[in-house]
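The structure appears below as C-alpha coordinates.
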Amino acid sequence: MSDASYRIVLNKQNWNGQATHLRSTLMTWDWRWRQAAAGAILDFSNVEFMEPWALAMFCAFGSKLRADGAAVVVELDPTNPCNKYLEAMGLREVIERGASSDRWDESTQNTGLHVLRRHSDVTRFVDSAARLGLPAESGALDALQYGMAELGRNVIQHANSAIGGIAIAQRFPELHAVQIAICDCGRGVRQSLKQNYPEVSSDLEALRVAVLPHVSGAAPSGPYGSSVNAGLGLFFCREISHRAGGSFWIASQGGLLGVIGDESATGRRMYRRINAWDGTLVVMHFPEDLVVEFDDVLGVCRELAALARSEPSRVGLEFIDDHSDIEIEQADVIDVSSFLEDVEKAEQTRSLHIMPRLEAGRQTIIDFGQPRFVTQSFVHALLYAAFLVPGSLSKLMFKGCTKSTQEAIRLVAAYSKVNYRQAPL
62 MSDASYRIVL
72 NKQNWNGQAT
82 HLRSTLMTWD
92 WRWRQAAAGA
102 ILDFSNVEFM
112 EPWALAMFCA
122 FGSKLRADGA
132 AVVVELDPTN
142 PCNKYLEAMG
152 LREVIERGAS
162 SDRWDESTQN
172 TGLHVLRRHS
182 DVTRFVDSAA
192 RLGLPAESGA
202 LDALQYGMAE
212 LGRNVIQHAN
222 SAIGGIAIAQ
232 RFPELHAVQI
242 AICDCGRGVR
252 QSLKQNYPEV
262 SSDLEALRVA
272 VLPHVSGAAP
282 SGPYGSSVNA
292 GLGLFFCREI
302 SHRAGGSFWI
312 ASQGGLLGVI
322 GDESATGRRM
332 YRRINAWDGT
342 LVVMHFPEDL
352 VVEFDDVLGV
362 CRELAALARS
372 EPSRVGLEFI
382 DDHSDIEIEQ
392 ADVIDVSSFL
402 EDVEKAEQTR
412 SLHIMPRLEA
422 GRQTIIDFGQ
432 PRFVTQSFVH
442 ALLYAAFLVP
452 GSLSKLMFKG
462 CTKSTQEAIR
472 LVAAYSKVNY
482 RQAPL
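Residue numbers for the sequence shown follow my numbering, beginning at 62 and rising by one.
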(Lines of atoms letter the chains of each structure in order from A and count residues from 1; the text may use other names and numbers.)
(Lines give C-alpha, C1' and ligand atoms only; values in the text may rest on other atoms or scores of the structure.)
Protein backbone atom coordinates (compact mmCIF):
# COMPACT_ATOMS: atom_id res chain seq x y z
CA MET A 1 0.00 0.00 0.00
CA SER A 2 1.48 3.36 -1.02
CA ASP A 3 2.15 6.31 1.29
CA ALA A 4 -0.71 8.13 -0.47
CA SER A 5 -3.25 5.71 0.96
CA TYR A 6 -5.71 6.86 3.58
CA ARG A 7 -5.88 5.04 6.91
CA ILE A 8 -9.41 4.90 8.28
CA VAL A 9 -9.38 3.89 11.93
CA LEU A 10 -12.67 2.71 13.38
CA ASN A 11 -12.84 3.31 17.12
CA LYS A 12 -14.24 0.84 19.62
CA GLN A 13 -17.32 2.71 20.79
CA ASN A 14 -19.51 3.74 17.87
CA TRP A 15 -21.00 0.62 16.38
CA ASN A 16 -23.96 -0.53 18.46
CA GLY A 17 -27.42 0.78 19.30
CA GLN A 18 -29.55 1.86 16.35
CA ALA A 19 -31.27 4.97 17.70
CA THR A 20 -28.07 6.64 18.91
CA HIS A 21 -25.09 5.37 16.99
CA LEU A 22 -26.66 4.67 13.61
CA ARG A 23 -27.93 8.23 13.53
CA SER A 24 -24.67 9.77 14.76
CA THR A 25 -22.57 7.71 12.33
CA LEU A 26 -24.68 8.77 9.36
CA MET A 27 -24.66 12.40 10.48
CA THR A 28 -20.91 12.69 11.10
CA TRP A 29 -19.01 10.39 8.73
CA ASP A 30 -17.91 11.97 5.46
CA TRP A 31 -18.33 9.15 2.97
CA ARG A 32 -17.69 11.12 -0.21
CA TRP A 33 -13.92 11.61 0.19
CA ARG A 34 -13.70 8.12 -1.27
CA GLN A 35 -14.15 9.48 -4.77
CA ALA A 36 -10.59 10.89 -4.66
CA ALA A 37 -8.92 8.03 -2.79
CA ALA A 38 -6.16 6.10 -4.57
CA GLY A 39 -5.90 3.62 -1.74
CA ALA A 40 -7.30 2.95 1.71
CA ILE A 41 -6.54 0.92 4.80
CA LEU A 42 -9.66 0.07 6.79
CA ASP A 43 -8.37 -0.49 10.31
CA PHE A 44 -10.81 -2.51 12.44
CA SER A 45 -8.21 -3.46 15.07
CA ASN A 46 -9.72 -1.29 17.84
CA VAL A 47 -13.31 -2.41 17.30
CA GLU A 48 -14.75 -4.37 20.24
CA PHE A 49 -18.30 -4.76 18.95
CA MET A 50 -20.04 -4.00 15.67
CA GLU A 51 -23.72 -4.46 14.94
CA PRO A 52 -24.79 -5.75 11.50
CA TRP A 53 -25.84 -2.31 10.22
CA ALA A 54 -22.35 -0.88 10.81
CA LEU A 55 -20.61 -3.95 9.43
CA ALA A 56 -22.73 -3.87 6.26
CA MET A 57 -22.07 -0.16 5.76
CA PHE A 58 -18.31 -0.35 6.12
CA CYS A 59 -18.15 -3.43 3.93
CA ALA A 60 -20.12 -1.57 1.27
CA PHE A 61 -17.88 1.47 1.77
CA GLY A 62 -14.71 -0.56 1.27
CA SER A 63 -16.21 -2.53 -1.62
CA LYS A 64 -17.15 0.67 -3.46
CA LEU A 65 -13.64 2.06 -2.98
CA ARG A 66 -12.25 -1.11 -4.53
CA ALA A 67 -14.82 -1.07 -7.36
CA ASP A 68 -13.81 2.53 -8.13
CA GLY A 69 -10.19 1.46 -8.56
CA ALA A 70 -8.68 2.12 -5.14
CA ALA A 71 -6.39 -0.43 -3.53
CA VAL A 72 -8.16 -1.43 -0.31
CA VAL A 73 -6.65 -3.39 2.56
CA VAL A 74 -8.46 -4.60 5.68
CA GLU A 75 -6.43 -4.46 8.88
CA LEU A 76 -7.47 -6.78 11.71
CA ASP A 77 -5.83 -7.60 15.05
CA PRO A 78 -5.61 -11.41 15.37
CA THR A 79 -5.57 -11.09 19.19
CA ASN A 80 -8.83 -9.09 19.27
CA PRO A 81 -11.82 -11.45 19.82
CA CYS A 82 -14.13 -9.14 17.86
CA ASN A 83 -11.69 -9.06 14.95
CA LYS A 84 -11.60 -12.85 14.90
CA TYR A 85 -15.37 -12.72 14.67
CA LEU A 86 -15.22 -10.23 11.78
CA GLU A 87 -12.72 -12.41 9.96
CA ALA A 88 -14.95 -15.45 10.40
CA MET A 89 -17.93 -13.57 8.95
CA GLY A 90 -16.04 -12.99 5.70
CA LEU A 91 -15.15 -9.31 6.15
CA ARG A 92 -11.86 -9.54 4.26
CA GLU A 93 -13.30 -11.53 1.35
CA VAL A 94 -16.16 -9.10 0.85
CA ILE A 95 -14.08 -5.91 0.94
CA GLU A 96 -10.91 -7.08 -0.79
CA ARG A 97 -12.40 -9.52 -3.31
CA GLY A 98 -16.06 -8.53 -3.60
CA ALA A 99 -17.25 -12.07 -2.89
CA SER A 100 -19.19 -13.88 -0.20
CA SER A 101 -17.15 -16.19 1.98
CA ASP A 102 -17.92 -19.89 2.06
CA ARG A 103 -16.28 -20.38 5.46
CA TRP A 104 -19.01 -19.21 7.84
CA ASP A 105 -21.48 -22.04 7.39
CA GLU A 106 -21.12 -23.22 10.99
CA SER A 107 -22.02 -19.91 12.61
CA THR A 108 -24.96 -20.07 15.02
CA GLN A 109 -25.40 -16.34 15.72
CA ASN A 110 -25.09 -14.70 12.30
CA THR A 111 -25.50 -15.51 8.64
CA GLY A 112 -22.08 -14.23 7.67
CA LEU A 113 -21.69 -11.47 5.11
CA HIS A 114 -23.42 -12.07 1.79
CA VAL A 115 -22.84 -10.23 -1.48
CA LEU A 116 -26.17 -10.01 -3.34
CA ARG A 117 -25.96 -9.61 -7.11
CA ARG A 118 -28.64 -11.99 -8.39
CA HIS A 119 -31.81 -13.62 -7.11
CA SER A 120 -29.99 -16.87 -6.32
CA ASP A 121 -27.80 -14.90 -3.88
CA VAL A 122 -30.96 -13.72 -2.11
CA THR A 123 -32.19 -17.31 -1.83
CA ARG A 124 -28.89 -18.37 -0.27
CA PHE A 125 -29.08 -15.46 2.17
CA VAL A 126 -32.62 -16.36 3.24
CA ASP A 127 -31.70 -20.03 3.66
CA SER A 128 -28.80 -19.06 5.94
CA ALA A 129 -31.26 -17.80 8.58
CA ALA A 130 -31.96 -21.41 9.52
CA ARG A 131 -28.53 -21.55 11.20
CA LEU A 132 -29.38 -18.94 13.83
CA GLY A 133 -31.11 -21.39 16.14
CA LEU A 134 -34.57 -19.84 16.12
CA PRO A 135 -37.39 -22.40 16.44
CA ALA A 136 -38.35 -23.71 13.00
CA GLU A 137 -41.96 -22.53 13.20
CA SER A 138 -41.45 -19.38 15.24
CA GLY A 139 -42.82 -16.00 14.24
CA ALA A 140 -39.37 -14.47 14.69
CA LEU A 141 -37.85 -16.79 12.08
CA ASP A 142 -40.74 -16.12 9.71
CA ALA A 143 -40.34 -12.35 10.15
CA LEU A 144 -36.58 -12.62 9.76
CA GLN A 145 -36.74 -14.58 6.51
CA TYR A 146 -39.53 -12.39 5.16
CA GLY A 147 -37.42 -9.29 5.71
CA MET A 148 -34.28 -10.91 4.28
CA ALA A 149 -36.15 -11.86 1.10
CA GLU A 150 -37.89 -8.52 0.56
CA LEU A 151 -34.89 -6.32 1.31
CA GLY A 152 -32.55 -8.53 -0.69
CA ARG A 153 -34.89 -8.48 -3.66
CA ASN A 154 -35.06 -4.67 -3.46
CA VAL A 155 -31.32 -4.47 -4.09
CA ILE A 156 -31.53 -6.71 -7.15
CA GLN A 157 -34.52 -4.92 -8.67
CA HIS A 158 -33.90 -1.27 -7.81
CA ALA A 159 -30.40 -0.40 -6.61
CA ASN A 160 -28.28 -0.46 -9.78
CA SER A 161 -25.33 -0.98 -7.43
CA ALA A 162 -21.95 -1.87 -8.93
CA ILE A 163 -21.04 -3.83 -5.80
CA GLY A 164 -24.45 -5.47 -5.42
CA GLY A 165 -25.73 -5.38 -1.85
CA ILE A 166 -23.93 -6.34 1.36
CA ALA A 167 -26.29 -8.30 3.61
CA ILE A 168 -26.12 -9.89 7.04
CA ALA A 169 -28.57 -11.07 9.70
CA GLN A 170 -27.67 -11.73 13.32
CA ARG A 171 -29.25 -13.11 16.45
CA PHE A 172 -28.44 -11.55 19.83
CA PRO A 173 -29.19 -14.30 22.39
CA GLU A 174 -28.51 -12.07 25.40
CA LEU A 175 -30.93 -9.44 24.07
CA HIS A 176 -33.42 -11.95 22.64
CA ALA A 177 -33.41 -9.94 19.42
CA VAL A 178 -32.56 -10.28 15.74
CA GLN A 179 -31.34 -7.77 13.18
CA ILE A 180 -31.16 -7.64 9.38
CA ALA A 181 -29.00 -5.10 7.57
CA ILE A 182 -28.58 -4.66 3.82
CA CYS A 183 -26.50 -1.88 2.29
CA ASP A 184 -25.73 -0.94 -1.31
CA CYS A 185 -23.90 1.83 -3.16
CA GLY A 186 -26.43 2.26 -5.93
CA ARG A 187 -28.57 5.09 -7.22
CA GLY A 188 -30.52 5.67 -4.03
CA VAL A 189 -34.23 5.82 -3.26
CA ARG A 190 -35.00 9.22 -4.73
CA GLN A 191 -33.44 8.40 -8.09
CA SER A 192 -35.15 5.00 -8.10
CA LEU A 193 -38.56 6.66 -7.72
CA LYS A 194 -37.87 9.55 -10.09
CA GLN A 195 -39.64 8.14 -13.16
CA ASN A 196 -42.92 7.41 -11.38
CA TYR A 197 -42.77 10.18 -8.76
CA PRO A 198 -41.09 13.14 -10.49
CA GLU A 199 -42.38 15.70 -7.99
CA VAL A 200 -40.52 14.19 -5.03
CA SER A 201 -38.25 17.09 -4.14
CA SER A 202 -35.94 15.82 -1.39
CA ASP A 203 -34.30 12.65 -0.10
CA LEU A 204 -36.45 12.64 3.03
CA GLU A 205 -39.64 12.98 1.02
CA ALA A 206 -38.47 10.09 -1.16
CA LEU A 207 -38.11 7.92 1.96
CA ARG A 208 -41.61 8.89 3.11
CA VAL A 209 -43.00 7.81 -0.25
CA ALA A 210 -40.89 4.64 -0.54
CA VAL A 211 -42.30 3.04 2.62
CA LEU A 212 -45.93 3.54 1.57
CA PRO A 213 -47.87 0.61 0.06
CA HIS A 214 -47.97 0.09 -3.71
CA VAL A 215 -44.99 2.37 -4.34
CA SER A 216 -42.32 1.11 -6.71
CA GLY A 217 -39.70 2.49 -9.04
CA ALA A 218 -40.18 -0.63 -11.16
CA ALA A 219 -43.83 -0.05 -12.09
CA PRO A 220 -44.12 2.63 -14.75
CA SER A 221 -47.89 2.33 -15.07
CA GLY A 222 -48.91 3.52 -11.61
CA PRO A 223 -48.98 2.90 -7.88
CA TYR A 224 -50.22 -0.68 -7.72
CA GLY A 225 -47.18 -2.44 -9.12
CA SER A 226 -46.40 -4.44 -12.22
CA SER A 227 -46.62 -8.13 -12.99
CA VAL A 228 -43.37 -8.69 -11.08
CA ASN A 229 -43.51 -5.97 -8.42
CA ALA A 230 -46.39 -5.01 -6.13
CA GLY A 231 -44.54 -2.17 -4.41
CA LEU A 232 -45.17 -3.58 -0.94
CA GLY A 233 -41.73 -4.73 0.22
CA LEU A 234 -40.52 -1.74 2.25
CA PHE A 235 -44.03 -1.07 3.57
CA PHE A 236 -44.38 -4.61 4.91
CA CYS A 237 -40.86 -4.54 6.40
CA ARG A 238 -41.58 -1.25 8.15
CA GLU A 239 -44.88 -2.49 9.56
CA ILE A 240 -43.46 -5.87 10.65
CA SER A 241 -40.59 -4.20 12.51
CA HIS A 242 -42.46 -1.65 14.58
CA ARG A 243 -45.61 -3.75 15.14
CA ALA A 244 -43.40 -6.57 16.45
CA GLY A 245 -41.96 -4.18 19.03
CA GLY A 246 -38.76 -3.37 17.16
CA SER A 247 -37.50 -0.68 14.81
CA PHE A 248 -37.06 -0.01 11.10
CA TRP A 249 -34.44 2.27 9.54
CA ILE A 250 -33.79 3.38 5.99
CA ALA A 251 -31.07 5.80 4.91
CA SER A 252 -30.40 7.01 1.39
CA GLN A 253 -28.39 9.94 0.08
CA GLY A 254 -29.05 12.80 2.53
CA GLY A 255 -32.00 11.37 4.46
CA LEU A 256 -32.66 8.96 7.36
CA LEU A 257 -36.11 7.67 8.35
CA GLY A 258 -36.65 5.59 11.49
CA VAL A 259 -39.81 3.99 12.88
CA ILE A 260 -39.61 2.71 16.45
CA GLY A 261 -42.30 0.48 17.92
CA ASP A 262 -44.38 1.97 20.73
CA GLU A 263 -47.97 1.82 21.94
CA SER A 264 -49.34 3.72 18.95
CA ALA A 265 -50.55 2.11 15.74
CA THR A 266 -47.93 3.86 13.63
CA GLY A 267 -44.80 3.84 15.80
CA ARG A 268 -42.56 6.76 16.78
CA ARG A 269 -41.04 8.44 13.74
CA MET A 270 -37.58 9.88 13.28
CA TYR A 271 -36.46 11.95 10.30
CA ARG A 272 -32.92 13.31 10.06
CA ARG A 273 -30.64 14.89 7.54
CA ILE A 274 -27.37 12.99 7.23
CA ASN A 275 -24.08 13.18 5.41
CA ALA A 276 -24.83 11.82 1.98
CA TRP A 277 -24.55 8.05 1.50
CA ASP A 278 -24.51 7.18 -2.19
CA GLY A 279 -26.90 4.25 -2.04
CA THR A 280 -29.29 2.80 0.51
CA LEU A 281 -29.08 1.16 3.94
CA VAL A 282 -32.08 -0.68 5.39
CA VAL A 283 -32.18 -2.18 8.90
CA MET A 284 -34.85 -4.26 10.65
CA HIS A 285 -34.44 -4.98 14.37
CA PHE A 286 -37.05 -6.78 16.46
CA PRO A 287 -37.38 -9.08 19.49
CA GLU A 288 -37.35 -12.87 19.22
CA ASP A 289 -40.57 -12.96 21.19
CA LEU A 290 -42.76 -10.88 18.91
CA VAL A 291 -45.25 -8.69 20.72
CA VAL A 292 -47.86 -9.93 18.23
CA GLU A 293 -48.19 -13.07 16.13
CA PHE A 294 -46.46 -12.84 12.76
CA ASP A 295 -49.58 -13.99 10.91
CA ASP A 296 -51.52 -11.21 12.61
CA VAL A 297 -48.92 -8.63 11.54
CA LEU A 298 -49.12 -9.84 7.94
CA GLY A 299 -52.90 -9.66 8.15
CA VAL A 300 -52.76 -6.01 9.23
CA CYS A 301 -50.24 -5.24 6.47
CA ARG A 302 -52.49 -6.78 3.84
CA GLU A 303 -55.54 -4.94 5.11
CA LEU A 304 -53.67 -1.63 4.97
CA ALA A 305 -52.34 -2.44 1.51
CA ALA A 306 -55.86 -3.20 0.28
CA LEU A 307 -57.20 -0.02 1.88
CA ALA A 308 -54.48 1.99 0.15
CA ARG A 309 -55.89 1.04 -3.24
CA SER A 310 -59.22 2.73 -2.61
CA GLU A 311 -58.22 5.32 -0.03
CA PRO A 312 -54.47 6.11 -0.06
CA SER A 313 -54.84 8.85 2.55
CA ARG A 314 -55.75 6.28 5.22
CA VAL A 315 -52.22 4.93 4.97
CA GLY A 316 -50.29 7.89 3.59
CA LEU A 317 -51.23 10.66 6.03
CA GLU A 318 -48.42 11.41 8.48
CA PHE A 319 -49.37 12.29 12.08
CA ILE A 320 -46.51 13.17 14.41
CA ASP A 321 -46.28 14.02 18.09
CA ASP A 322 -43.85 15.60 20.54
CA HIS A 323 -41.90 12.33 20.71
CA SER A 324 -41.15 12.34 16.99
CA ASP A 325 -37.60 13.35 16.14
CA ILE A 326 -38.08 15.71 13.21
CA GLU A 327 -35.34 17.53 11.33
CA ILE A 328 -36.39 18.06 7.76
CA GLU A 329 -34.67 20.29 5.24
CA GLN A 330 -36.93 23.21 4.32
CA ALA A 331 -39.63 22.07 6.75
CA ASP A 332 -42.03 24.83 7.79
CA VAL A 333 -44.34 24.69 10.80
CA ILE A 334 -47.71 26.40 10.46
CA ASP A 335 -49.53 26.75 13.80
CA VAL A 336 -53.30 26.92 13.35
CA SER A 337 -54.21 26.52 17.04
CA SER A 338 -54.77 30.26 17.56
CA PHE A 339 -57.60 30.52 15.03
CA LEU A 340 -59.44 27.19 15.30
CA GLU A 341 -62.93 27.39 13.79
CA ASP A 342 -62.20 30.68 12.02
CA VAL A 343 -62.85 29.38 8.51
CA GLU A 344 -62.01 32.71 6.90
CA LYS A 345 -58.56 32.70 8.52
CA ALA A 346 -58.21 29.02 7.57
CA GLU A 347 -58.82 29.86 3.90
CA GLN A 348 -56.31 32.71 4.08
CA THR A 349 -53.70 30.48 5.71
CA ARG A 350 -54.24 27.83 3.07
CA SER A 351 -53.91 30.31 0.20
CA LEU A 352 -51.06 32.43 1.57
CA HIS A 353 -48.97 29.88 3.46
CA ILE A 354 -49.83 26.23 2.81
CA MET A 355 -50.39 26.18 -0.96
CA PRO A 356 -47.27 28.17 -1.93
CA ARG A 357 -45.10 25.87 0.18
CA LEU A 358 -46.56 22.72 -1.33
CA GLU A 359 -46.22 24.07 -4.86
CA ALA A 360 -42.58 24.90 -4.09
CA GLY A 361 -42.01 21.33 -2.89
CA ARG A 362 -41.41 22.24 0.75
CA GLN A 363 -42.13 19.87 3.63
CA THR A 364 -44.85 21.46 5.76
CA ILE A 365 -45.96 20.61 9.31
CA ILE A 366 -49.41 21.85 10.36
CA ASP A 367 -49.78 22.06 14.14
CA PHE A 368 -53.34 21.92 15.50
CA GLY A 369 -52.29 22.27 19.16
CA GLN A 370 -54.19 19.25 20.57
CA PRO A 371 -57.80 20.53 20.52
CA ARG A 372 -60.44 18.08 21.74
CA PHE A 373 -62.07 18.34 18.33
CA VAL A 374 -62.22 20.49 15.20
CA THR A 375 -65.22 20.89 12.93
CA GLN A 376 -65.27 19.40 9.48
CA SER A 377 -65.90 22.85 8.01
CA PHE A 378 -62.68 24.24 9.47
CA VAL A 379 -60.55 21.35 8.23
CA HIS A 380 -62.18 21.57 4.80
CA ALA A 381 -61.42 25.28 4.53
CA LEU A 382 -57.83 24.69 5.62
CA LEU A 383 -56.92 21.57 3.64
CA TYR A 384 -59.27 20.58 0.83
CA ALA A 385 -57.60 22.64 -1.90
CA ALA A 386 -54.17 21.83 -0.47
CA PHE A 387 -54.82 18.11 -0.87
CA LEU A 388 -55.49 18.71 -4.57
CA VAL A 389 -51.85 19.75 -5.11
CA PRO A 390 -49.99 16.79 -6.70
CA GLY A 391 -47.66 15.20 -4.17
CA SER A 392 -49.26 16.93 -1.17
CA LEU A 393 -49.59 13.67 0.76
CA SER A 394 -45.82 13.23 0.92
CA LYS A 395 -45.15 16.88 1.78
CA LEU A 396 -47.66 17.45 4.59
CA MET A 397 -47.36 16.33 8.22
CA PHE A 398 -49.86 16.96 10.98
CA LYS A 399 -48.94 17.64 14.62
CA GLY A 400 -51.01 18.08 17.77
CA CYS A 401 -53.95 16.03 16.52
CA THR A 402 -56.32 14.13 18.78
CA LYS A 403 -58.03 11.07 17.31
CA SER A 404 -61.05 13.22 16.52
CA THR A 405 -58.90 15.72 14.63
CA GLN A 406 -57.12 12.95 12.76
CA GLU A 407 -60.44 11.54 11.57
CA ALA A 408 -61.56 14.98 10.38
CA ILE A 409 -58.36 15.33 8.34
CA ARG A 410 -58.72 11.82 6.93
CA LEU A 411 -62.26 12.53 5.80
CA VAL A 412 -61.21 15.67 3.91
CA ALA A 413 -58.30 13.77 2.37
CA ALA A 414 -60.65 10.97 1.33
CA TYR A 415 -63.18 13.12 -0.51
CA SER A 416 -60.42 15.17 -2.14
CA LYS A 417 -59.16 11.81 -3.48
CA VAL A 418 -55.62 12.69 -2.40
CA ASN A 419 -53.08 10.15 -3.61
CA TYR A 420 -49.37 9.74 -3.03
CA ARG A 421 -48.93 8.88 -6.68
CA GLN A 422 -47.30 12.01 -8.07
CA ALA A 423 -48.55 11.72 -11.66
CA PRO A 424 -52.11 12.96 -12.38
CA LEU A 425 -54.85 10.34 -12.14
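Each residue gets a CB set at the ideal place from its N, CA and C atoms; glycine is no exception.
All values reported here derive from a predicted model rather than from experimental measurement.
- Within its own chain, the residues whose Cβ lies closer than 8 Å to the Cβ of Leu-401, once the five positions on either side in sequence are excluded, are Phe-429, Gly-430, Pro-432, Val-435, Phe-439, listed in chain order.
- Straight-line measurement puts the Cα of Leu-457 at about 39 Å from the Cα of Ala-190.
- Residues of the same chain with a CB within less than 7 Å of the CB of Ser-106, apart from the 5 flanking positions on each side, are Glu-136, Leu-137, Asp-138, Asn-141, Asn-144 in chain order.
- By the neighbour-count definition (other C-beta atoms within 10 Å, threshold 16), Asp-163 is an exposed residue.
- Per DSSP, Gln-256 has no beta bridge partner at all.
- Counting the other CB atoms within 10 Å of its CB gives Pro-234 a total below 16, which places it among the exposed residues.
- Comparing alpha-carbon positions, the option among His-180, Arg-232, Gly-225, Ala-210 lying closest to Pro-196 turns out to be Arg-232.
- Ile-217 has its alpha-carbon roughly 7 Å from the corresponding atom of His-180.
- In this structure, Gly-422 is the residue among Ser-465, Gly-422, Cys-462 with its C-alpha nearest to the C-alpha of Leu-265.
- When the alpha-carbon of Gly-340 is set against those of Gly-249, Val-404, Ser-263, Glu-420, the nearest one is in Gly-249.
- The Cβ atoms of Arg-299 and Val-358 lie no closer than 8 Å to each other.
- Selection Glu-420, Ile-470, Ala-442, Tyr-258 evaluated against Glu-408 yields Ala-442 as nearest (Cα-Cα).
- Under the DSSP definition of a beta bridge, Ser-308 partners with Ile-321, His-346.
- The region 236-243 makes no contact with the region 253-272: fewer than 3 CB pairs, one atom from each, lie closer than 8 Å.
- Around the beta carbon of Ser-398, a 10 Å sphere encloses fewer than 16 other beta carbons of the protein chains shown; the residue is thus reported as exposed.
- DSSP places Asn-215 within a helical segment (H, G or I) once states are collapsed to three.
- CA-CA distance, Phe-122 to Tyr-445, rounds to 46 Å.
- Take Cys-362, set aside five residues on each side of it, and the residues of its chain with a beta-carbon closer than 6 Å to its own are Phe-297, Glu-300, in chain order.
- In this structure, DSSP gives Glu-405 a helical state, which the three-state scheme calls helix.
- The beta carbon of Ala-267 sits closer than 6 Å to the beta carbons of Val-250, Arg-251, Leu-254, Val-261 from its chain, once the five residues preceding and following it are set aside; these are given in chain order.
- Our two residues, Val-155 and His-414, have alpha carbons roughly 51 Å apart in a direct line.
- The alpha-carbon of Leu-293 is positioned some 24 Å away from that of Asp-350.
- The C-alpha of Ile-427 lies about 20 Å from the C-alpha of Val-320.
- Take Asp-203, set aside five residues on each side of it, and the residues of its chain with a beta-carbon closer than 6 Å to its own are Phe-355, in chain order.
- Boundaries for Asp-138: no alpha helix (DSSP H) harbours it, and the DSSP string shows neither H nor E there.
- Beta-carbon to beta-carbon, Asp-188 and Ser-222 are separated by about 22 Å, too far to satisfy the 8 Å threshold.
- In terms of Cα proximity to Ile-229, the closest of Ala-469, Phe-119, Arg-329, Pro-348 is Phe-119.
- In its chain, beyond the 5 residues on either side, no residue has a beta carbon closer than 6 Å to the beta carbon of Arg-370.
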